[in-house]
Amino acid sequence: MKIKHLTSVVQSLAANSRSNAPVLVVDSEDDVFPLKTMEDLDKLERQLSEKAMMQKMVNRLSVSGGHTLKKTIWRICSKVFGPVAKQLNWCGRGEKRGIRKTNIGALLIGAAMKNPVLPSPTEAEAEKHIKDYLRLAPGRTPS
Numbered sequence: 048m049k050i051k052h053l054t055s056v057v058q059s060l061a062a063n064s065r066s067n068a069p070v071l072v073v074d075s076e077d078d079v080f081p082l083k084t085m086e087d088l089d090k091l092e093r094q095l096s097e098k099a100m101m102q103k104m105v106n107r108l109s110v111s112g113g114h115t116l117k118k119t120i121w122r123i124c125s126k127v128f129g130p131v132a133k134q135l136n137w138c139g140r141g142e143k144r145g146i147r148k149t150n151i152g153a154l155l156i157g158a159a160m161k162n163p164v165l166p167s168p169t170e171a172e173a174e175k176h177i178k179d180y181l182r183l184a185p186g187r188t189p190s
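The following block contains the structure:
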C-alpha cells in the first residue's frame, strides 16, 4: 500500500517538474543582437533608456556565463556586438565612438556583474576587459 502511494507521489512530482520547466520565451528583442550598424546601436541606446528594457536586457545577457570576468565580458560583448564593434572604443578617441557614458556600457557592466560564479567582480576590471574586447575587434570581425 505504501509503495503504491509513494509511486504515485513520485510520478506526480515528476509530472509537475516537467510542466514547471523554464520555457525559452522569444521576445521581439531577439533580433536586436548582434548589432551590425551604428543605427542599430543608436536604436538600442534609445530602448535602454527605459528602465524596464534595461533590466530585461541585463537579465537576458547575465546568463551568458563565464568562469572569469574576462570570459564573461567577452561572451556578452560577442553576443551584443557584430561588425559595429570595430567602430567603437571605451572613451571615444580618434574616429571611434565611445560607449563609456552610454546605456550600452552600463548594460555590459551590469550584465557581467550579475554572474553568480564570479567571487567579487569590480567595475574597473570589467571596463578593462571591455576596452580590450573593442581594441581587438578589427582583428576578429570580417570587413
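Counting in my numbering, the sequence shown runs from 48 upward without gaps. Cβ atoms here follow ideal geometry from the backbone N, Cα and C, with glycine treated the same way. Since we're looking at a predicted model, the values are computed, not measured.
Asked, Found
"Close-in-space but distant-in-sequence residues of the same chain around Gln96 (CB under 8 angstroms, 5 per side omitted)", "Correcting the residue type first, residue 96 is Ser in the shown sequence and not Gln. So the list reads Asn150, once near-sequence residues are dropped."
"Whole alpha helix (DSSP H) elements within the segment 146 to 177, 4-residue minimum", "150 to 160"
"Close beta carbons around Lys161, own chain, < 8 angstroms, minus the five adjacent residues each side", "Val105, Asn106 and Ser109"
"Classification of Pro163 by the beta-carbon crowding that lies within 10 angstroms, buried from 16 upward", "exposed"
"Between the CA atoms of Lys133 and Glu170 - distance to the nearest angstrom", "23 angstroms"
"Contact check, Glu172 vs Leu116, beta carbons under 8 angstroms", "yes"
"Proximity below 8 angstroms, CB of Ile177 to CB of Cys124", "yes"
"Rounded straight-line distance, which links the Cα of Phe80 to that of Leu29", "Past the boundaries of the shown model lies residue 29; the chain is included only from 48 to 190, so the question cannot be answered."
"Three-state class that DSSP yields for Asn67 in the structure shown", "Reliability fails at Asn67, whose pLDDT of 42 lies under 50, so the model's placement of it is uncertain and the value that follows must be treated cautiously. Looking at Asn67 - three-state DSSP - the assignment turns out to be coil, as it is neither helix nor strand."
"Supposed contact pair Val131 and Leu82 - C-beta distance, whole angstroms, cut 8 angstroms", "5 angstroms"
"Cβ pair Gln94, Met100 closer than 8 angstroms", "yes"
"When Ile146, Gly113, Ile50 and Glu142 are compared against Glu92, the one with the closest alpha-carbon", "Ile146"
"Simplified DSSP state of Leu108, which is helix, strand or coil", "helix"
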